[in-house]
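Please read the structure below before turning to the comments.
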Amino acid sequence: MRATPTGSFSGGKMNQMSPVREYFHNIWQTVSTILIGMRISLKYCFAKTVTLQYPDVAPALQPRYRGFHFYEIEKCIACDLCAKACPVDCIYIEKTGPRKLDKVSGIAAGGLMTRYAIDYAKCMFCALCVDPCPTDCIHMGNIHDMSGFNRESMIVEFTELAKDGLQTPQPLWMTKEKLPEWAATRKKEWTEFANSNDKMSHDREARRVAMGDALADNA
Amino acid sequence: MSDVVLESQPDVLIDHDRVEQGDLRTEEMLVNMGPQHPSTHGVLRIVLRTDGEMVLEAVPHIGYLHRCAEKIGEAVQPYQYIPYTDRMDYLAGMNNNQAFSIAVERLAGMEVPPRGQALRVIFAELNRIASHLVSLGTYGLDMGAFTPFLYCFREREMILDLFEAACGARLTYSYITIGGVHDDVPDGWIDRCREFLDYFETKIDDYNNLLSFNHIFIKRTGRVGVISKEEAIAFGLTGPPLRGSGIRFDLRKALPYDGYEKYDFEIPIAEPPGTGVIPQGVEVGDCWSRYFVRVLEMTQSVRIMRQAMDQLPDGEFRAKKGTTVKLPDDEIYVEVENPRGQLGFYVRGDGSAIPYRVKARGPSFSNLCITQHCAKNVLLADVPAIIGSIDVVMGEVDR
Numbered sequence: 104m105r106a107t108p109t110g111s112f113s114g115g116k117m118n119q120m121s122p123v124r125e126y127f128h129n130i131w132q133t134v135s136t137i138l139i140g141m142r143i144s145l146k147y148c149f150a151k152t153v154t155l156q157y158p159d160v161a162p163a164l165q166p167r168y169r170g171f172h173f174y175e176i177e178k179c180i181a182c183d184l185c186a187k188a189c190p191v192d193c194i195y196i197e198k199t200g201p202r203k204l205d206k207v208s209g210i211a212a213g214g215l216m217t218r219y220a221i222d223y224a225k226c227m228f229c230a231l232c233v234d235p236c237p238t239d240c241i242h243m244g245n246i247h248d249m250s251g252f253n254r255e256s257m258i259v260e261f262t263e264l265a266k267d268g269l270q271t272p273q274p275l276w277m278t279k280e281k282l283p284e285w286a287a288t289r290k291k292e293w294t295e296f297a298n299s300n301d302k303m304s305h306d307r308e309a310r311r312v313a314m315g316d317a318l319a320d321n322a
Numbered sequence: 005m006s007d008v009v010l011e012s013q014p015d016v017l018i019d020h021d022r023v024e025q026g027d028l029r030t031e032e033m034l035v036n037m038g039p040q041h042p043s044t045h046g047v048l049r050i051v052l053r054t055d056g057e058m059v060l061e062a063v064p065h066i067g068y069l070h071r072c073a074e075k076i077g078e079a080v081q082p083y084q085y086i087p088y089t090d091r092m093d094y095l096a097g098m099n100n101n102q103a104f105s106i107a108v109e110r111l112a113g114m115e116v117p118p119r120g121q122a123l124r125v126i127f128a129e130l131n132r133i134a135s136h137l138v139s140l141g142t143y144g145l146d147m148g149a150f151t152p153f154l155y156c157f158r159e160r161e162m163i164l165d166l167f168e169a170a171c172g173a174r175l176t177y178s179y180i181t182i183g184g185v186h187d188d189v190p191d192g193w194i195d196r197c198r199e200f201l202d203y204f205e206t207k208i209d210d211y212n213n214l215l216s217f218n219h220i221f222i223k224r225t226g227r228v229g230v231i232s233k234e235e236a237i238a239f240g241l242t243g244p245p246l247r248g249s250g251i252r253f254d255l256r257k258a259l260p261y262d263g264y265e266k267y268d269f270e271i272p273i274a275e276p277p278g279t280g281v282i283p284q285g286v287e288v289g290d291c292w293s294r295y296f297v298r299v300l301e302m303t304q305s306v307r308i309m310r311q312a313m314d315q316l317p318d319g320e321f322r323a324k325k326g327t328t329v330k331l332p333d334d335e336i337y338v339e340v341e342n343p344r345g346q347l348g349f350y351v352r353g354d355g356s357a358i359p360y361r362v363k364a365r366g367p368s369f370s371n372l373c374i375t376q377h378c379a380k381n382v383l384l385a386d387v388p389a390i391i392g393s394i395d396v397v398m399g400e401v402d403r
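Chains A and B, in that order, are what the protein sequence lines are.
Going from the first sequence to the numbering used here is simple: count from 1 and add 103.
Going from the second sequence to the numbering used here is simple: count from 1 and add 4.
Set out below in structure tokens:
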């Protein structure tokens, strides 16, 4: 079977043209159509730029934006409805006894909320947990940028946050003034870890020696 | 590999054509295109059997994005499965939500209120425009045109802002759910949407002048990867690849759902060169036709949306019993028109609230099958042109 390109280089009207004429026709067509396109681009050279200089400029989020949860512990009756509605089972609730909402003050009383945590490594921000809540205590917030260094840090303990009077997790940039101090401690931790004697799997040399020993034993 | 001539076996196969032409024989080479190649639109791996610049065979290998989406459907309730359908065809989340919702509603015998239906049509068409914009932009990018991509994405950002205002997410919407839509649109949203459509209609000419009628683009895509009508039907193509081969078939007209029969619109198909604005150097069924069908479809989507917004009825937007539905011991298969073709959902109930079986028929998967057939004996640079014109989304191929 002989291979020929199916995408032909000329066709239709151009079949009747002489090769020389076709060559110049192609050049003319290319230049003229590119000029049409360039005119459109030129128009936008003088228009206002639409690019947002993130992260220097924060994006304007819509009011319904589905970001990290906003949780009001005093209203929560720990009924588990949000955890049951969650498709990925990322909400963990623990309590000491039944809680009940006081209609007048709007504060739940009874047992103690020992844990309300959301694993954001699993959460897909579908907002299905918001719909069934009978006391309207969980909402989707407007924080969208948060990061962690390991999987454990992706689990946000809302009960711990509530002790500090917070209802939503705080990303690092919100606590910017503490950043240098935090970075210094982290660097110190890493240096200590790297210089320590029990480096475990991080010690390549020791691993190589151990592997050599194992190979020698087998041989 | 039958026509490889080995020196030690001189009597096997001699390609007389080539010998006569004095062509230099080069060794055939297997080349992996992808799964991280920028022009394969996701994690698609294509194994190319090449002879110099010629591609003798292109075999797509799939499965790099498999997430057991169908199996998850057997473990969660239908309303919990809606966020998973977003992640199948991640460029057209609304249409996927709609397909699964309609399947469950028809199985459970649920009625969607008129306002819910009209809102669904508006959002599905808006998402169709957004999806086609990505398709247009990245296709230009594959062909070496960077500018249209930026313009397409600028308009897409505006659509995503509209989606964010209505449902709070920019990609994984979960807006269209069982029984209607999740929320009513916020105040002033319809006016914002009308404003956008007025602005957007003028931009379609820009895309045409920048990309569609550009001579280099026509040379790269015209008469490349031609799929005949018979082949299109035999391979089960749907959506723009089918209509790009000149077959006027669209489920919105053929089997209307969600009140599409109330709106007046046309189904654009590929036309031979010379009719209307179609330039010389292309033919029905080639890459350019498939591309241009998408441009024409965007105009029709704008038309449908305008009518739907004018006729938008008041009242409920979601059926009363929306979330937990009991599925009868019955089965159903529903297909709707996705931007990429016909997306089908098969749902089997067993009397409980959790389906016994969920199966999705992805249009990208069926459309991708033709790659092996039409990317045969083409130039290496034509392979991205063919794949880009079919417009596959790997999240939907692998599910």
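No residue lacks a Cβ here, since even glycine has one placed at the ideal position from N, Cα and C.
Per DSSP, cross-strand counterpart(s) of residue i
| i | result |
| --- | --- |
| Tyr219 (chain A) | A:Ile196 |
| Asp55 (chain B) | B:Glu32, B:Met58 |
| Leu383 (chain B) | B:Met58 |
| Ala211 (chain A) | A:Leu204 |
| Met313 (chain B) | None, per the DSSP bridge assignment. |
| His65 (chain B) | B:Arg49 |
As assigned by DSSP and simplified to three states, the class of residue i
| i | result |
| --- | --- |
| Lys290 (chain A) | helix |
| Phe173 (chain A) | strand |
| Gln346 (chain B) | strand |
| Leu130 (chain B) | helix |
| Tyr94 (chain B) | coil |
| Val306 (chain B) | helix |
| Lys324 (chain B) | coil |
| Pro245 (chain B) | helix |
| Val185 (chain B) | strand |
| Tyr157 (chain A) | coil |
| Met141 (chain A) | helix |
| Ser393 (chain B) | helix |
| Arg252 (chain B) | coil |
| Met277 (chain A) | helix |
| Met257 (chain A) | helix |
| Glu339 (chain B) | strand |
| Arg352 (chain B) | strand |
Among the options, nearest to residue i - alpha-carbon criterion
| i | options | result |
| --- | --- | --- |
| Gly263 (chain B) | B:Lys324, B:Thr328, B:Pro317 | B:Pro317 |
| Leu201 (chain B) | B:Glu129, B:Glu287, B:Arg294, B:Ser356 | B:Glu129 |
| Pro276 (chain B) | B:Glu270, B:Phe269, B:Ile358, B:Val286 | B:Val286 |
| His377 (chain B) | B:Ile390, B:Pro39, B:Leu384, B:Gly183 | B:Ile390 |
| Lys151 (chain A) | B:Arg158, B:Gln304, B:Ala112 | B:Arg158 |
| Ser256 (chain A) | A:Thr154, A:Ser121, A:Ile221 | A:Ile221 |
| Tyr267 (chain B) | B:Phe239, B:Leu255, B:Gln315 | B:Gln315 |
| Gln121 (chain B) | B:Ala385, B:Asp55, B:Met313 | B:Met313 |
| Asp55 (chain B) | B:His45, B:Cys72, B:Val35, B:Leu69 | B:Val35 |
| Ile196 (chain A) | A:Ser208, A:Ile176, A:Thr136, A:Gly209 | A:Ile176 |
| Ile137 (chain A) | B:Tyr211, B:Val401, B:Ser370, B:Tyr360 | B:Tyr211 |
| Gly184 (chain B) | B:Ile194, B:Pro283, B:Val116, B:Glu168 | B:Val116 |
| Ala224 (chain A) | A:Asn253, A:Ala230, A:His242 | A:Asn253 |
| Leu123 (chain B) | B:His136, B:Leu111, B:Asn99 | B:Asn99 |
| Ile126 (chain B) | B:Gln311, B:Arg365, B:Leu140, B:Arg322 | B:Gln311 |
Cβ separation of residue i and residue j, assumed to be a contact under 8 Å, to the nearest whole Å
| i | j | result |
| --- | --- | --- |
| Gln244 (chain A) | Phe149 (chain A) | Strictly speaking, residue 244 (chain A) in this sequence is Gly, with Gln absent from that position. No, Gly244 (chain A) and Phe149 (chain A) are not in contact; Cβ-Cβ is about 40 Å, not under 8 Å. |
| Gly97 (chain B) | Tyr177 (chain B) | 5 Å |
| Ile246 (chain A) | Gly170 (chain A) | 5 Å |
| Val250 (chain B) | Gly289 (chain B) | Per the sequence presented here, residue 250 (chain B) reads as Gly, with Val not at that position. Rounded, the Cβ-Cβ distance is 7 Å, consistent with contact. |
| Pro64 (chain B) | Leu52 (chain B) | Rounded, the Cβ-Cβ distance is 10 Å, inconsistent with contact. |
| Pro274 (chain A) | Asp248 (chain A) | 6 Å |
| Pro283 (chain B) | Ile222 (chain B) | 6 Å |
| Arg132 (chain B) | Ser305 (chain B) | 5 Å |
| Tyr83 (chain B) | Ser393 (chain B) | Not a contact, Cβ separation roughly 36 Å. |
Test: residue i CB closer than 8 Å to a CB of chain E
| i | result |
| --- | --- |
| Gly144 (chain B) | No chain E appears in this structure, whose protein chains are A and B. |
Residue i Cβ short of 7 Å to the ligand NAP heavy atom set
| i | result |
| --- | --- |
| Ile176 (chain A) | Inclusion of the ligand NAP in the displayed structure is not the case, the ligand content being empty and no account of it being possible. |
Say whether the stretch 146–158 of chain B touches the stretch 203–215 of chain A, bearing in mind that this needs 3 or more beta-carbon pairs closer than 8 Å, one atom from each stretch.
-> no
Between the stretch 92–107 of chain B and the stretch 387–400 of chain B, are three or more C-beta pairs nearer than 8 Å?
-> yes
contact_flag[the stretch 325–344 of chain B, the stretch 95–109 of chain B] where n(CB pairs < 8 Å) is 3 or more | yes
Counting pairs of beta carbons, one from the stretch 341–356 of chain B and one from the stretch 235–247 of chain B, are three or more of them closer than 8 Å?
-> yes
At least three beta-carbon pairs within less than 8 Å, the stretch 188–200 of chain B to the stretch 350–357 of chain B | no
For the stretch 266–280 of chain B and the stretch 292–299 of chain B, state whether three or more C-beta atom pairs, one from each stretch, are separated by less than 8 Å.
-> yes
Count the CB pairs spanning the stretch 189–201 of chain A and the stretch 212–219 of chain A that are closer than 8 Å, and state whether there are at least three.
-> yes
Inspect the CB distances between the stretch 183–198 of chain A and the stretch 228–245 of chain A and report whether three or more fall short of 8 Å.
-> yes
The stretch 353–365 of chain B contacting the stretch 378–387 of chain B, beta-carbon criterion three pairs below 8 Å = no
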